[in-house]
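In our numbering, the protein residues as written are 1 to 485. All residues carry an ideal CB built from backbone N, CA and C; glycine is no exception. In what follows, a single structure is set out as structure tokens and then discussed.
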Amino acid sequence: MKILFVFRNAEWLGIEYLSSVLKKSSHQTELLFNPGAGDIEFKMPLLEKIGGIDGQIIRQAKKYNPDLIAFTALTNIYSWEKNIASELRKHINAPIIFGGIHATNVPELVLKEDFIDMICIGEGEDAIVELANSLENKEVNYNIENIWFKKDNTIIKNPVRPLNEDLDNLPFPDKELFYRYGCFKDRLYIMTGRGCPFSCTYCYNSSYKELYFNKGKYVRRRSVDNVIEEILYFRKKYSIKEIFFYDDIFTLNYRWLERFADMYKKKIDLPYKCLIHFDMVNEDVIKLLSESGCKYVDIGIESGSEEIRKNILNRKTNNSQIEYISKFLHKYKIPFTTLNMVGLPSENKAQMWDTINLNTKIKPNNALFSTFYPFPNTKLAIISKDLGYIDDKITNKINNGEKSYKESTVLNHPEAEFIYWVSNFAPLAIKWPRIIFILKHLKPNKLFRFMAIFFSSPLRNICFRTKEIISMYIRSRYYFLKNRF
Numbered sequence: 001m002k003i004l005f006v007f008r009n010a011e012w013l014g015i016e017y018l019s020s021v022l023k024k025s026s027h028q029t030e031l032l033f034n035p036g037a038g039d040i041e042f043k044m045p046l047l048e049k050i051g052g053i054d055g056q057i058i059r060q061a062k063k064y065n066p067d068l069i070a071f072t073a074l075t076n077i078y079s080w081e082k083n084i085a086s087e088l089r090k091h092i093n094a095p096i097i098f099g100g101i102h103a104t105n106v107p108e109l110v111l112k113e114d115f116i117d118m119i120c121i122g123e124g125e126d127a128i129v130e131l132a133n134s135l136e137n138k139e140v141n142y143n144i145e146n147i148w149f150k151k152d153n154t155i156i157k158n159p160v161r162p163l164n165e166d167l168d169n170l171p172f173p174d175k176e177l178f179y180r181y182g183c184f185k186d187r188l189y190i191m192t193g194r195g196c197p198f199s200c201t202y203c204y205n206s207s208y209k210e211l212y213f214n215k216g217k218y219v220r221r222r223s224v225d226n227v228i229e230e231i232l233y234f235r236k237k238y239s240i241k242e243i244f245f246y247d248d249i250f251t252l253n254y255r256w257l258e259r260f261a262d263m264y265k266k267k268i269d270l271p272y273k274c275l276i277h278f279d280m281v282n283e284d285v286i287k288l289l290s291e292s293g294c295k296y297v298d299i300g301i302e303s304g305s306e307e308i309r310k311n312i313l314n315r316k317t318n319n320s321q322i323e324y325i326s327k328f329l330h331k332y333k334i335p336f337t338t339l340n341m342v343g344l345p346s347e348n349k350a351q352m353w354d355t356i357n358l359n360t361k362i363k364p365n366n367a368l369f370s371t372f373y374p375f376p377n378t379k380l381a382i383i384s385k386d387l388g389y390i391d392d393k394i395t396n397k398i399n400n401g402e403k404s405y406k407e408s409t410v411l412n413h414p415e416a417e418f419i420y421w422v423s424n425f426a427p428l429a430i431k432w433p434r435i436i437f438i439l440k441h442l443k444p445n446k447l448f449r450f451m452a453i454f455f456s457s458p459l460r461n462i463c464f465r466t467k468e469i470i471s472m473y474i475r476s477r478y479y480f481l482k483n484r485f
């Protein structure tokens, strides 16, 4: 049984895990990949047009002739995925399945597309193996948990199965799928767990918790031994110089972190980066991170206004806690980037200045500002609609993955012009507060938007990502030219 994955922009661990469990069950997998020309940082349509990757994807897919075509649907690339899937349907007689967070949150909408045959809801490792086995036996099982099927003009909606609480039983992710496209070289992306204990209104985690209510433990963690074993395995295979732990919050459990820090320092001893939360760290945790080799962290403020943070975002952290923890990050010399949003429903100009001012006060090494994007069916998207910031036209846009959090606001927001100014100039203003009075008189444009990248992320990260983008285009072209199918 041959399964073809199609994706764009960057390495995706979810696809790598799906490929691993399929291969473990004796199925074949392949990936066709479009680098995406800076979807994450700054769109470069000319580079993408010159690359001509989409046409290559169609041609190579026809040569591979898969038995199943699989897409992981993310909201901000969903529009592209639909276009590719529609073209593939014209040339290949294989069922097409969409999974991922977008398909999970708006399943009926995704299944309305005539070229999509089924969707996977929630975590899909067990479901996709069952599906592949069923298709291989030429007897489609329409009762597979997590899978919704189209059949005889109806939709068969199967419930989700209980969560896999023992993550150690998963095979290591199939990183070769993305490595051959140059998606990583020096940096290894790892997840040590799944789930987040918080329920922020803008995040998909809230939807997932509702989906899996009474279906098992939502926040799960791999054993330290299993994580170290994976790093050692890939370190031998690839020339890894840095680790990026991609968990929602890396510092959830102090005892786990203590054991990890000891083993990591002894057996790995590479610099690493992780994501942390102001309410899930203290001085002891930050000291432990520093001693074990943590060289950078990302940490979310989201809004400098306590009113917005608590009442709109459902984040209970107060400003004094943010200032308190920031002092320890400086004390133990761990550089940090703050994650911030502007353009939230009911947010006014003064509250956006609160975000800039709080960042200026705690002096992060970098500050990343995103324009709020209401991901479909999240609690904050519903709040935005109830408050009149979203109408049916905007709802259709976000359901179809149009626009993104890197552009001007998609909301009907009275402060739209100022929101765009903040997203362009806030990172510069925080780095150099003395020039704020000059920035106030400048008009935002694409040049300033591009410049903001260099103040939103550490130079080390920019270098890694620039190398990845260049490598992805070169390696992708080479991989397609090999005509390996």
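L4 has E30, I69 as its beta-bridge partners, per DSSP. Judged by DSSP secondary structure, M263 falls within the alpha helix (DSSP H) whose first and last residues are 254 to 267. Here DSSP, grouped into helix, strand and coil, assigns A61 to helix. Secondary structure in the segment 191 to 260: the beta strand (DSSP E) runs of 3 residues or longer, each lying completely within the stretch, are 242 to 245 in chain order. If you compare the alpha carbons of L439, L428, T371 with that of V410, the shortest gap goes to T371. Annotated three-state conformation of I322 is helix, per DSSP. By the Cβ-count criterion, L289 is buried, with 16 or more other Cβ atoms from all chains shown falling within 10 Å of its own Cβ. With a cut-off of 8 Å on Cβ pairs, the segment 422 to 435 is in contact with the segment 353 to 363, counting three or more such pairs. Around the C-beta of F213, fewer than 16 other C-beta atoms lie within 10 Å, and the residue is accordingly described as exposed.
Under the 8 Å Cβ criterion, the segment 20 to 37 does not count as touching the segment 186 to 203, having fewer than three qualifying pairs. Straight across, the Cα-Cα distance linking F418 with Q351 is about 12 Å.
P414 and T154 have their C-alpha atoms spaced approximately 43 Å apart. Within the same chain, and ignoring the five residues on either side of F328 in sequence, the residues whose Cβ sits closer than 7 Å to its Cβ are E283, I286.
The beta carbon of E165 is closer than 8 Å to those of G216, K217, R220 in its chain, skipping five residues each way along the sequence. For G14, the enclosing alpha helix (DSSP H) stretches over residues 13 to 24. In this structure the segment 76 to 89 touches the segment 398 to 406; the number of beta carbon pairs closer than 8 Å is three or more. The beta-bridge partner set that DSSP reports for E302 consists of N340. For S423, the enclosing alpha helix (DSSP H) covers residues 416 to 431. Cβ-Cβ distances below 7 Å link K175 to E16, F234 in the same chain, with the five nearest sequence neighbours on each side left out; the list follows chain order. The C-alpha of S199 lies about 18 Å from the C-alpha of Y246. Shown here for A103: same chain residues with a beta carbon closer than 6 Å to its own, the five before and five after excluded, namely A73, V110, I119 in chain order. At least 7 Å separates the beta-carbon of P345 from that of S305. Taking every protein chain shown into account, the CB of D248 has 16 or more other CB atoms within 10 angstroms, so this residue is buried. When DSSP states are grouped into helix, strand and coil, R315 belongs to the coil group.
Burial check for E291: the Cβ neighbour count within 10 Å stays below 16, so the residue is exposed. Of all alpha-carbon atoms in I53, G124, P173, E136, the one lying nearest the alpha-carbon of N158 is that of G124. Distance from the CA atom of A261 to the CA atom of L163, rounded to whole angstroms, is 28 Å. Going by DSSP, N359 is part of the alpha helix (DSSP H) stretching over 349 to 362. In terms of Cβ geometry, S20 and P173 form a close pair [threshold 7 Å]. Ranking W148, F178, N396, E230 by CA distance to the CA of I121 puts W148 first. The Cβ atoms of N359 and I430 sit closer than 7 Å to each other. With respect to the 7 Å criterion, I3 and L68 are classified as neighbours on the basis of their beta carbons.
Sequence-distant Cβ neighbours of F5 in its own chain, meaning closer than 6 Å and more than five residues away, are I15, L31, A70.
With a contact defined as Cβ atoms closer than 8 Å, A426 and F336 miss out at about 16 Å. In this structure, T251 places its C-beta atom within 7 Å of the C-beta atom of M280.
DSSP, read as helix, strand or coil, puts A10 in coil.
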